[in-house]
Every structure is written in structure tokens, then in C-alpha cells.
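Below is one structure, written out as C-alpha cells, with a few remarks after it.
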Amino acid sequence: MKRSKFIKYLNEHNCGFIKHGAKHDKYMNHNNGQRTMIPRHPDIDDDLCDLICKQLGIPKPKQS
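According to the numbering used here, the sequence shown is numbered sequentially starting from 30.
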């Protein structure tokens, strides 16, 4: 999945940017306070997207 598309998906589920890391960005689910790191790669593997969503407590994106 493209990173930009995945970030839009996170924003739709009330997850927002917190801060920049070296090669990752930190995002937080504002509904439940769960946090995780998102890599700054143009493409993010679908399995990694599923894992990130699980860590944030949101549903997995539909794969297209």
C-alpha cells in the first residue's frame, strides 16, 4: 500500500501524527491512546499495514 494512502486511512480512523523519528514517524490513536511507529517508505507492505492497525486498535484496511 502506498504510504500516503495508508496515512489518509489512519487519519480517517482518528489516528494522528505525534513526532518524527530518524526513519519513522510516531502516530497515536486519539480514541484509545495507543501509539506506534510508521516507516517513511513510499510503499508499506500489506502485512505491516495490518500489524500497525492492530497496534493502534483500528480495523485492517481493505486490500485492493
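Note that the Cβ used here is the ideal one computed from N, Cα and C, for glycine as well.
What residues in its chain sit with their C-beta under 7 angstroms from that of residue i, if we drop five residues either side in the sequence?
| i | result |
| --- | --- |
| Phe46 | Asp54, Tyr56 |
| Cys78 | Met30, Phe35, Pro90 |
| Asn60 | Asn43 |
Check this for me: beta carbons of residue i and residue j, under 8 angstroms apart or not?
| i | j | result |
| --- | --- | --- |
| Cys44 | Leu80 | no |
| Pro68 | Lys83 | no |
| Gln92 | Asp75 | yes |
Between the options, which has its C-alpha nearest residue i's C-alpha?
| i | options | result |
| --- | --- | --- |
| Tyr38 | Asn58, Gln63, His70, Gly62 | Asn58 |
| Ser33 | Gln92, Ile73, Lys83, Gly50 | Ile73 |
| Gly50 | Ile87, Thr65, Pro71, Pro88 | Thr65 |
Once you ignore the five residues that flank residue i on each side, which residues in its own chain have a CB closer than 6 angstroms to its CB?
| i | result |
| --- | --- |
| Lys48 | Lys55 |
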